[in-house]
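Sequences listed follow chains A and X, in order.
Heads up: the first sequence is residues 222 to 381, going by our numbering.
Heads up: the second sequence is residues 222 to 381, going by our numbering.
2 protein chains.
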Amino acid sequence: MVKELDEKNDALPDHVGWRLWQASRAWQAEFAAAMRAAGHVWFSEARAGLLGHIPRNGTRQSALIERAATSKQAVQQLLDGLEAEGVLERLPDPRDGRGKLVRYTRKGLDALRDGDRIKLQIERGYIDRIGEQRFAALMDALRSLDAGQADASGEAPGSK
Amino acid sequence: MVKELDEKNDALPDHVGWRLWQASRAWQAEFAAAMRAAGHVWFSEARAGLLGHIPRNGTRQSALIERAATSKQAVQQLLDGLEAEGVLERLPDPRDGRGKLVRYTRKGLDALRDGDRIKLQIERGYIDRIGEQRFAALMDALRSLDAGQADASGEAPGSK
DNA sequence: TCCATATGGTCAAGATACTTGACGATATTC
DNA sequence: GAATATCGTCAAGTATCTTGACCATATGGA
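Shown next as structure tokens:
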């Protein structure tokens with residue numbers, strides 16, 4: 222592999238968005254690999270994104286749709302898949318004949334447990350890499366960022 | 222919309238991975254919306270991810286494949302699309318009969334220019350939200366994280 | 001020089017994730 | 001009750017990415 226001279230590393234991006242994207246991708250790849258290695262072969266990033274919005278005690282499907290920033294149909298399809306995998310189950314909502322409740326199965330709760338363990342492992346790795354202080358500053362900044370936008374931002378698509 | 226009592230906010234995730242993912246998604250949504258509003262309707266996140274690996278003076282397709290963490294076929298398909306949109310063009314590599322060079326068209330360079338402007342706008346918004354210091358700490362942590370892993374990490378798939 | 005092997009790129013087919021549009025069933029509001 | 005809104009589903013299409021197979025050109029060594 223010859224290093225061409227006229228292709229010297231002419232500035233790859235170094236702005237917040239790029240850095241966030243790269244960091245997020247790296248984290249997800251590491252996490253997904255560990256989850257699959259732990260036997261949760263059904264795991265995918267899209268599914269993880271949805272599960273992140275489902276608290277341990279379950280939720281109503283409609284509430285889930287509000288939280289996730291996608292269309293209700295996308296949420297539904299992910300739920301279909303997770304239900305077929307036996308990670309979740311859907312029950313009729315006793316308080317609303319139209320609604321459904323989503324909750325974890327035993328298998329789903331096991332996955333959450335493994336996920337928590339893996340998260341801690343990855344976090345330890347990060348602290349080793351950049352130090353406790355930088356890591357704390359990172360979390361602080363990310364939390365502030367989140368808090369600062371909660372209101373504005375965009376509409377979920379497909380909600381016609 | 223009635224607030225059910227037994228559904229009170231039972232801990233949504235608050236770990237690095239989740240925060241990074243949310244922050245990354247928010248940034249990308251904001252950026253993509255602004256790009257499309259600026260007339261670059263061909264813009265998508267996947268395409269942006271690829272363009273981020275193409276320096277302004279172009280690159281060889283094979284070098285691009287090394288940088289992007291996906292299969293050569295995925296890269297090719299994205300390039301096909303971007304070429305069809307007139308954002309990029311591919312030329313035969315004069316130094317390697319097999320190779321191709323990828324470079325921006327006028328349209329592509331215009332988009333890069335608008336992109337730079339939008340990035341700065343978003344960055345200013347972030348600084349307004351969380352303050353200069355937190356923002357600097359965020360960038361510092363993200364850069365350290367990136368530097369600290371450059372070596373390890375995973376193989377690109379599909380490279381059989 | 002010629003052959004084996006590696007590399008750069010393409011074609012094709014399938015899986016996943018997501019989007020839009022249309023539609024029933026139940027709630028809510030007046 | 002009737003009009004309207006909400007909840008969920010079905011169906012079809014698009015974008016992205018994956019794997020596998022395949023040529024064409026380079027490269028390295030006998």
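Built from N, CA and C at the ideal position, the CB exists for glycine as well.
For residue i: DSSP bridge partner residues
i	result
Val323 (chain A)	A:Thr280 and A:Arg311
Same chain, Cβ closer than 6 Å to residue i, five either side skipped, listed in chain order
i	result
Gln282 (chain X)	Lys321 and Val323
Asp317 (chain A)	none
Glu306 (chain A)	Trp263
Gly302 (chain X)	none
Presumed contact (8 Å Cβ cut-off) between residue i and residue j, rounded CB distance
i	j	result
Arg364 (chain A)	Arg240 (chain X)	7 Å
Arg257 (chain X)	His274 (chain X)	Not confirmed; about 21 Å, so no contact.
Lys328 (chain A)	Val308 (chain A)	6 Å
Ala255 (chain A)	Ile339 (chain A)	4 Å
Pair within 9 Å by beta-carbon distance, residue i and residue j
i	j	result
Leu359 (chain X)	Leu366 (chain A)	yes
Tyr172 (chain X)	Arg277 (chain X)	Outside the displayed span of chain X (222 to 381) sits residue 172 (chain X), for which this structure offers no information.
Val237 (chain A)	Trp248 (chain X)	yes
Ile351 (chain A)	Ala362 (chain X)	yes
Ser245 (chain X)	Ser245 (chain A)	yes
Ala250 (chain A)	Ala368 (chain X)	no
Asp337 (chain A)	Ala259 (chain A)	no
Same chain, Cβ closer than 8 Å to residue i, five either side skipped, listed in chain order
i	result
Ala253 (chain X)	Phe264, Ser265, Glu266 and Ala269
Leu333 (chain A)	Leu272, Arg277 and Tyr325
Ile180 (chain A)	Residue coverage of chain A in this structure runs from 222 to 381, which leaves residue 180 (chain A) outside it and unanswerable.
Gly279 (chain X)	Leu322, Val323, Arg324 and Tyr325
Leu299 (chain A)	Ala267, Arg268 and Leu271
Leu330 (chain X)	Arg277
Glu228 (chain X)	Any reading at Glu228 (chain X) needs caution, since the residue's pLDDT is 41, under 50, leaving its predicted position unreliable; the model's value is listed next. Cβ neighbours of Glu228 (chain X) beyond the five flanking positions: none.
Val223 (chain A)	With a pLDDT of only 39 at Val223 (chain A), under 50, the local geometry of the prediction cannot be trusted, and the value read off the model is given with reservation. If we look at Val223 (chain A) and ignore the five residues flanking it on each side, it has no Cβ neighbours.
Residues near residue i in its chain [Cβ-Cβ closer than 7 Å; skip 5 each side]
i	result
Glu310 (chain X)	Glu304, Arg324 and Thr326
Pro313 (chain X)	Lys321
His261 (chain X)	Ala332 and Asp335
Ile286 (chain X)	Lys293 and Val296
Gly375 (chain A)	Unreliable positioning characterises Gly375 (chain A) in this predicted model, as indicated by a pLDDT of 41, which lies under 50. The coordinate reading is nonetheless provided below. Counting only Cβ-Cβ distances below 7 Å, and skipping sequence neighbours, we find nothing.
Gln354 (chain A)	none
What are the complete alpha helix (DSSP H) segments, minimum 4 residues, inside the region 247-296 of chain X? Qualifying alpha helix (DSSP H) stretches, in chain order: 266-272 and 282-288.
Mind pulling the alpha helix (DSSP H) runs of 4 or more residues that sit fully within the region 332-376 of chain A? As far as the region 332-376 of chain A is concerned, its whole alpha helix (DSSP H) runs of at least 4 residues are 353-368.
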